[in-house]
Ligand code: EPU
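Residue numbers (my numbering): 15 to 352.
If you want it as structure tokens, here you go:
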């Protein structure tokens, strides 16, 4: 495996931020990964695992060996009358995998169309959109332990998925490199079109008999209409998580701000759209120098080109402070700071 020194990560993060990796290596297979992890030269070196770079904010150079899993392949490993089990390499582009499923009319991934990033990074933060999350179709995740180079299979239960959370962001943080995932797709798709925007868009498209293909097209249409394309404007999708607050606090908030939207999570918690809070705090469309808040989706911070990670971090803190001052809610970042 080729190891490059002083490697620019500019084209390896969707914010398009300049950051240099001390060392950089692409692993094409599990075996290559194991080899480098067990190599005495690299064993004690600090390591940083970079997937599609779509959920990371580089605020400084990376003084580590950056490993980029490039493991490819979509393999059918099992099939019955109802479902098909696909083992997918961590280096596959997530959206390409979704398109593969749509093409074959396999259901389950279509609501997650156009989410940037790789298959390996997707379980890490349990990617989700329009009423679906990757956890709904995951059977297991394959990973290599950084310390030993051993391969381990995590069952869905062991992944401990939550809202934009998994064991890989918590208890097992920085301990494993995800090398692949086994996903269960349906051969008799049950479409998930409960989300208002999706229903409206399907109607606009005159999709009287919605299919996996139509739903994926509706999702792509919605995303393209409000989320900036990272190839054009640097961004990492939602910068913050939508906060979940106690129902009581939500009711008090509603007394003061009758327009506040909220979605029940359970009997105790209500989820409030961070985009609404940020917009109401006056940040939507804000621009300072080369960075700002997207004009169509206040939850997305953007780099118009030439901005730095530190500037974006500072802006995110100003937003957190002002939202907290106005609504008494502290937003938490979804993006990982480096
Ligand atoms: N809203 C505003 N102003 C804004 C943005 C949103 O008022 O500028 C309000 C609107 O009332 C809207 C509500 O917020 O009805 C929800 O907005 P939207 O449907 O755009 O979704 P979101 O809650 O902002 C979440 C995910 C997205 C995912 C969409 C669709 C998180 C942190 N974000 O965003 O995921 O695509 O739902 O399901 O949960 C991502 O994680 O990177 C991401 C893009």
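The C-beta atom is built at its ideal place from N, Cα and C for all residues, glycine as well.
Check                                                                                                                                                            : Outcome
With DSSP run on the structure shown, which of helix, strand or coil describes residue 350?                                                                      : strand
Residue 80 to residue 120, Cα distance in whole Å?                                                                                                               : 35 Å
I need the straight-line Cα distance from residue 90 to residue 341, nearest angstrom please.                                                                    : 49 Å
Helix, strand or coil: how does DSSP classify residue 142 here?                                                                                                  : strand
What first and last residue would you give for the beta strand (DSSP E) that runs through residue 89?                                                            : 88-93
Would you tell me roughly how many angstroms separate the C-alpha atoms of residue 281 and residue 73, rounded to the nearest one?                               : 39 Å
With hydrogens ignored, establish whether the beta-carbon of residue 184 is closer than 7 Å to any heavy atom of ligand 2.                                       : This structure simply doesn't include ligand 2; it includes ligand 1 instead.
Should residue 324 go down as buried or exposed, given a rule of 16 or more other Cβ atoms within 10 Å for buried?                                               : exposed
Using C-beta distances below 6 Å, list every residue in its chain close to residue 177, excluding the 5 sequence neighbours before and after it, in chain order. : none
In whole angstroms, give me the CA-to-CA distance for residue 201 and residue 125.                                                                               : 16 Å
Counting along the chain, where does the alpha helix (DSSP H) carrying residue 108 start and finish?                                                             : 108-117
Measuring CA to CA, which of 192, 310, 303, 57 is closest to residue 328?                                                                                        : 303
Using the Cα positions of residue 131 and residue 66, report the straight-line distance between them to the nearest angstrom.                                    : 4 Å
Three-state secondary structure (DSSP) at residue 226?                                                                                                           : helix
Do the CB positions of residue 349 and residue 128 come within less than 8 Å of each other?                                                                      : no
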